[in-house]
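Note that this note's numbering has the sequence shown beginning at -14, numbered continuously upward.
Some notes on the structure that comes next.
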Amino acid sequence: MKTYLLNKNVLSLLGIYLLVSIVPLFLSHSFALSYSFYNYATIQILIFGILFCLKEEKRNIFLLSPSFIAVSYINLNFLFGSIVFKQGLVFDYVLIPYQSWENYGLVIGYFNLINFAIIASFFLSRQIKFFSRFKLICDFKKYSNGVLILIGLTIVLAFSYFDLSLHFLGGDGDFSIIPKTLGILIIIVCFSRFPSLTKRLIGYLIIIAFFSAISWENKRNSIFLLLPILLLESRNFKVKLNLKKVALLSFSILLLLQLILAMSIFRGYGGYKPKSFLEANGYVFDYIQSKEFIPAFMNNLEISYTYFHSNNAIQTILKDPEKITYGETLIKPFFIFIPRRMVSFKPRSIIHHYTVTVSSNYRSKGGSWPISFQSEMFWNFHFFGIFVGFLFFIILNSVYLNIRSLIVDGDIINFIPLLYFYQTTLVLFRGSGLDMFTVFIILATVFSVFIKLTTKILLNKG
């Protein structure tokens, strides 16, 4: 076991972080709205300060931890969200309800404190080598990169030609994205083994472009792949700032934004109606110059949704505490595969509770609005959600440390569902609910077992 101990500098910054976190609790509503940007900017600067107070190895580990990602995701969304909402640069259907909010200082204070607890949980998490003790169905380490890449491509292509419906289990929509992602992850792990950085980068770019082309209807899946790629590459690089790395990071961000905008245009944003993903790229500059670009772009990046619905959920509970669910949405995963007709008391998801409260009519049509993990904790336990969130991230960080151990030992190719688990935490952080997160992980594990059994039978190699 290995504990990620604090040093004096980190402890000092955590102390400042805690003090800054409680300041909004004493602010008036109107002042809190104006102060919001400075609050989240200060908090994020402190988190970056903690990052660079760690030694190089731990710096890499903290940067890619569930704690850092979950908190930074909220802070950056809220930082930009507070600006555009304050300036009215969002669509009216979210701006009008925003203008009716009250007691915003309490809302900021809650997010500060639970995010502080989430960051602190990282330093109390432990690395326990557990997954490497499982007996393997089929040892993928015995196969060459060429064979594994072929296996991955076969899975991706096989599930690209038909929808995978799970209506008999109560699932809605197409679930073929899960085996396709597993196939892509197998290929990514193979690319990460290449000794040449240039070859690795070219391989990653090709596979992301390929996945974007076959999954253009859901841009998140391609973007989420960056997480496992960064985690795999973190073995080779230490987090340091210099002009070259800042330039490379800036170029990567611009390339990513270009990809997001092109996929959004291809999905219908801007009304250009391109016939191909390549054609959609040609409309990006024109789209940026349009009058509705900023409100639409905030939707593209889900900043408007994340900021509004996550904060609005807290506002809803503050105004009507009787809606608190006392852990109902957290036990929902235990009832996932039990039809509601068989169990009348089957718990509801956080998405259902929130959406039906805001608009029962929208929910009746199948609509849903996700709220952040932090907001789900408040909806269940009010301010006590801070402690539940802390315990939950102890578990997430511990699993993450196990994944890193498997990567360092070269065993991750046999535990691809864990990379999928890591990437899918973004689904949880952005607010799809613990039940959806659990469904994805269970299905990914089932598909992985099927892939390994099929590989063992066809190639007769254990």
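Note that the Cβ used here is the ideal one computed from N, Cα and C, for glycine as well.
Practice task
Report the residue from T430, N284, L239 whose alpha carbon sits nearest the alpha carbon of A79.
Solution key: Ala is not the amino acid found at residue 79; the sequence shown has Val there. Checking every option, the nearest Cα to that of V79 belongs to N284.
Problem - Option in S219, I302, A198 with minimal Cα separation from F251 - result: A198
Problem - Which of helix, strand or coil DSSP assigns to N284 - result: helix
Handout entry: Other residues of its chain near K71: CB distance less than 8 Å, five sequence neighbours each side excluded
Key = L18, S19, S21, F22
Problem - 8 Å contact criterion, which T409 and F425 should meet: CB distance rounded - result: 5 Å
Handout entry: Assigned secondary structure, V328 (DSSP; H/G/I helix, E/B strand, else coil)
Key = coil
Practice task
Going by CA-CA distance only, name the one from I169, S329, G351, N266 that's closest to L242.
Solution key: N266
Practice task
For Q359, count neighbouring C-beta atoms within 10 Å of its own C-beta (all shown protein chains included) and say buried if the count is 16 or more, exposed if not.
Solution key: buried
Handout entry: E277 burial status per 10 Å Cβ neighbour count (16 or more: buried)
Key = exposed
Handout entry: Cα-Cα separation, F96 to K126
Key = 43 Å
Problem - Alpha carbon of F153 to alpha carbon of M327, nearest angstrom - result: With a pLDDT of only 48 at F153, under the threshold of 50, the placement of this residue in the model should not be trusted; the figure read from the coordinates follows. Roughly 14 Å separates the two Cα atoms.
Exercise for the section: Could you name the residues of the same chain whose beta carbon sits closer than 8 Å to that of V434, not counting the 5 residues immediately before and after it, in chain order? Expected result: I122
Practice task
For F406, collect the residues of the same chain with a Cβ closer than 8 Å to its Cβ; drop the 5 residues on either side in sequence, then sort them by chain order.
Solution key: V384, I388, I426, A429
Handout entry: Cβ-Cβ distance between T291 and N62 below 7 Å
Key = yes
Exercise for the section: In angstroms with no decimal places, state the Cα-to-Cα distance between V56 and G374. Expected result: 12 Å
Handout entry: Local Cβ density within 10 Å of N445, reported as buried at 16 or more and exposed below that
Key = exposed
Problem - Coil, strand or helix - G447 by DSSP - result: Annotation note: pLDDT 49 at G447 (below 50); position unreliable, no value reported.
Problem - Start-end ranges of the alpha helix (DSSP H) lying completely within the stretch -7 to 37, minimum 4 residues - result: -7 to 7
Exercise for the section: State whether the stretch 306 to 321 contacts the stretch 78 to 92, with contact taken as three or more CB pairs (one from each stretch) at a distance under 8 Å. Expected result: no
Handout entry: Cβ pair G188, G137 closer than 7 Å
Key = no
Problem - N- and C-terminal bounds of the alpha helix (DSSP H) containing Y311 - result: Premise fails: Y311 is in no alpha helix (DSSP H) and is neither H nor E.
Practice task
Could you say which of I379, L31, S85, I30 lies nearest to S15 if we only look at CA atoms?
Solution key: S85
Problem - Three-state class that DSSP yields for Y405 in the structure shown - result: helix
Practice task
Answer with buried or exposed for T183, where buried requires no fewer than 16 other C-beta atoms within 10 angstroms of its C-beta.
Solution key: exposed
Problem - Delimiting residues of the alpha helix (DSSP H) encompassing Y268 - result: Taken as a continuous stretch (DSSP letters only), Y268 belongs to no alpha helix (DSSP H), as it is neither H nor E.
Exercise for the section: Consult DSSP for Q243 and reduce its assignment to one of helix, strand or coil. Expected result: helix
Problem - Nearest to D124 (by Cα), restricted to the options A281, I398, D420, L411 - result: I398
Problem - For S13, the nearest candidate out of G94, E41, G0, I172 (CA to CA) - result: G94
Handout entry: Backbone CA spacing between C38 and S145 [nearest angstrom]
Key = 45 Å
Exercise for the section: Let me know if K304 comes out buried or exposed under the rule of 16 or more other beta-carbons within 10 Å of its beta-carbon. Expected result: exposed
Handout entry: For L376 and I288, the rounded distance between their alpha carbons
Key = 27 Å
Practice task
Starting from N62, trace the alpha helix (DSSP H) both ways and give me its first and last residue.
Solution key: 51 to 71
Practice task
Taking R205 as the reference, give the member of L443, N24, Y268, V412 with the closest Cα.
Solution key: V412
Problem - Coarse secondary structure for P259, derived from DSSP in three states - result: coil
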